[in-house]
Amino acid sequence: MPPLLEVAAEEVEAFAKAARDAIDSRLGTLPEEAASGFWSAVAKYYAAGLAVAGAAVAEVSAGLDGEA
157 MPPLLEVAAE
167 EVEAFAKAAR
177 DAIDSRLGTL
187 PEEAASGFWS
197 AVAKYYAAGL
207 AVAGAAVAEV
217 SAGLDGEA
């Protein structure tokens, strides 16, 4: 993974693991029906966001290609 904002890949992975662990810990305190499906919902909305972000990047990239 290339550096992003001067953050090493190992740091990103550590931050992500810490976040998942904290979320899982909190979900563990909730009733099963309240906690079930949380990660599925996250994946659904994350994937939708990636599609929007990808379209925006493609639009900007196309605009930059036309400026040459």
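For the working numbering, add 156 to where a residue sits in the sequence shown, where the first one is 1. Using N, Cα and C, we set each Cβ at its ideal position, and we do this for glycine too.
Beta-carbon separation (whole angstroms), residue i vs residue j, contact threshold 8 Å
i    : j    : result
F194 : L183 : 6 Å
DSSP state of residue i mapped onto helix, strand, coil
i    : result
E189 : helix
A224 : Low confidence applies to A224: its pLDDT is 46, below 50, so where it sits in the model is not reliable, and the reading given next is rough at best. Three-state result, A224: coil.
M157 : Low confidence applies here, because M157 scores a pLDDT of 48, under 50, leaving its location unreliable; read the following figure in that light. DSSP places M157 in coil when its eight states are reduced to three.
CB contact check: residue i to chain E, cutoff 8 Å
i    : result
A178 : The chain inventory of the structure shown lacks chain E, comprising one protein chain alone.
Legend entry - Contiguous alpha helix (DSSP H) assignments of at least 4 residues, all confined to the segment 162-189: The qualifying runs are 165-183.
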